[in-house]
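Notes to accompany the following structure.
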Amino acid sequence: MAKESNITTKNDEPAKMFTNKDITMLAIRSMFLQASFNYERMQSGGFLVAQLPYLKRIYKDDKEGLSNAMRDDLEFINTHPNLVGFLMGLIISLEENKEDRSLIKGLKVALFGPLAGIGDAIFWFTILPIAAGLCASFAQQENPLGPILFFLIYLTIWILRIVWTHMGYNMGTKAIDLIKTSSQTISKAATILGVTVIGGLIATYINIQVALQIVVNDQKTVSIQTDFLDKIFPKILPLGYTFLIYYLLRKKVSPVLLIFVTFILAIICSFFGIL
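One rule links them: number in the working numbering = place in the sequence shown (from 1) + 13.
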């Protein structure tokens with residue numbers, strides 16, 4: 014990393030502490046994001062490790078400031094690996110400018126969810142499945158273009174981490190005043206976007222259907238799922254179970270226990286023909 018400089022720009026603004034090479038290295042270090050993934054704080058350990066050398070430079074003479082920054086970075090986070098560079102660059106920029114801790118923490122909390130939803134929708138559920146299907150088709154025909162094309166697509170997605178990280182860092186340094194004045198609006202908009210995306214994912218990827226049927230007469234049966242629940246509120250069971258899990262998580266119930274109970278309930282209900 015380049016040495017810290019006290020040189021100012023022609024607009025009497027402090028010169029940036031980090032060079033383009035530094036920010037590129039931050040993008041590369043973002044690969045540590047899931048290095049210590051756990052069910053309590055998800056990606057927080059890797060999130061801190063990626064930014065730690067930069068935080069140490071920013072707070073080299075301020076142990077309390079470094080401690081506060083590290084503690085905030087160790088709080089729960091679960092976002093998309095390919096887009097996390099944007100968030101890291103933005104946070105490092107704000108830390109560099111010694112912005113208020115509540116602003117830094119608030120933006121992190123407000124943005125990591127929507128970034129996860131957007132990244133999952135674009136990469137995991139759109140680009141990569143389409144690319145994998147197309148490339149698998151080539152591979153089945155013994156065409157070497159299949160694996161080569163998939164590798165190039167994945168490599169391109171990875172290289173874009175560098176672009177997002179630089180974008181986040183530059184946005185943070187050039188738009189501090191805008192973020193200050195619009196932080197509540199940004200947080201609200203990001204939260205709405207995140208909730209919208211998560212709602213769509215719940216309806217699409219959580220499937221709970223009641224298999225029970227009511228016999229009305231010898232020739233007529235009524236499905237509880239299609240003729241009753243779906244008529245009142247489609248996907249009400251996935252929504253209800255999601256809210257139940259969320260409620261239990263808020264009550265500090267172990268995520269591992271909830272996963273285990275979900276598996277057991279699914280097996281029992283399937284065995285007795287309930288679901």
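Just so you know, even glycine gets a beta-carbon here, dropped at the ideal spot from N, CA and C.
Pull up the distance between the alpha-carbon of A63 and that of M30, whole angstroms please. 17 angstroms
Pick helix, strand or coil for Q299, following the three-state DSSP scheme. Look at the range of the chain in this structure, 14 to 288, and you will see that residue 299 is not part of it.
Output the distance between the C-alpha atoms of G146 and L120, rounded to the nearest integer angstrom. 37 angstroms
Mapping DSSP to helix, strand and coil, what is S49? coil
Rounded separation between G253 and G212 - CA only: Spanning the two alpha carbons is a distance of roughly 12 angstroms.
Since V235 is in the alpha helix (DSSP H), which residue starts that stretch and which ends it? First-last for V235: K233 to S236, but that is the beta strand (DSSP E), not the alpha helix (DSSP H).
Verify whether the separation of the beta carbon atoms of H179 and T275 is less than 9 angstroms. Against a cut-off of 9 angstroms, the Cβ pair of T275 and H179 comes out as no contact.
I'd like the list of long-range same chain contacts for F163, defined as Cβ closer than 7 angstroms, with 5 residues on each side in sequence excluded. A144, A145 and C148
Neighbour-count burial assignment, N19, 16 or more Cβ in a 10 Å radius: For N19, the predicted structure reports a pLDDT of 45, less than 50, and the residue's modelled location is therefore unreliable. A value from the coordinates is still provided. With fewer than 16 Cβ atoms within 10 Å of its Cβ, N19 is classed as exposed.
Go ahead and label Q153 buried or exposed: buried means 16 or more other beta carbons lie within 10 angstroms of its beta carbon, across all protein chains shown. exposed
The segment 79-88 contacting the segment 50-66, beta-carbon criterion three pairs below 8 angstroms: Counting Cβ pairs under 8 angstroms, three or more are found: they touch.
Just how far apart, CA to CA, sit A82 and S236? Taking the straight line from one Cα to the other gives about 55 angstroms.
Following the continuous alpha helix (DSSP H) through Y259, name the residue where it begins and the one where it ends. I249 to R263
Does DSSP classify I221 as helix, strand or coil? In this structure, I221 counts as coil in the three-state DSSP scheme.
So the candidates are V229, A279, Q232 and N183; which of them puts its Cα closest to the Cα of N33? N183
My parser needs the alpha helix (DSSP H) runs of 4 or more residues fully inside the segment 126-165; what are they? 141-153
Return helix, strand or coil for I90, following the three-state DSSP convention. strand
Neighbourhood of L158 by C-beta distance below 7 angstroms, restricted to the same chain and skipping five residues each side: F151
Return helix, strand or coil for M55, following the three-state DSSP convention. strand
Would you please state the rounded distance, in angstroms, between the beta carbons of I170 and N110? I believe it to be under 8 angstroms. Not a contact, Cβ separation roughly 30 angstroms.
Nearest residue (CA-CA) to V97, options K244, Q238, S43 and K233: S43
Helix, strand or coil for F30? Go by DSSP, reduced to three states. Here the sequence assigns Met to residue 30, which means Phe is not the residue at that position. In the structure shown, M30 sits in coil (DSSP, three-state: anything other than H, G, I, E or B).
Three-state secondary structure assigned by DSSP to V266: coil
Please list the terminal residues of the continuous alpha helix (DSSP H) segment that includes I105. V97 to E109
Can you round the beta-carbon distance between L100 and F125 to whole angstroms, since I take them to be within the 8 angstroms contact cut? Right, their Cβ atoms sit about 6 angstroms apart.
Out of T234, V229 and P251, state which residue places its alpha-carbon closest to the alpha-carbon of I215. Distance check between I215 and each of T234, V229 and P251 places P251 closest, using alpha-carbon atoms only.
So is S80 buried or exposed if we call it buried at 16+ other beta carbons inside 10 Å? Using a 10 angstroms sphere on the CB of S80, the tally of other CB atoms stays under 16, which defines it as exposed.
Member of G185, F241, R263 and P268 whose CA lies at the smallest distance from the CA of G102: G185
Nearest to S106 by alpha carbon, out of P160, T234 and L39? Ranking P160, T234 and L39 by Cα distance to S106 puts L39 first.
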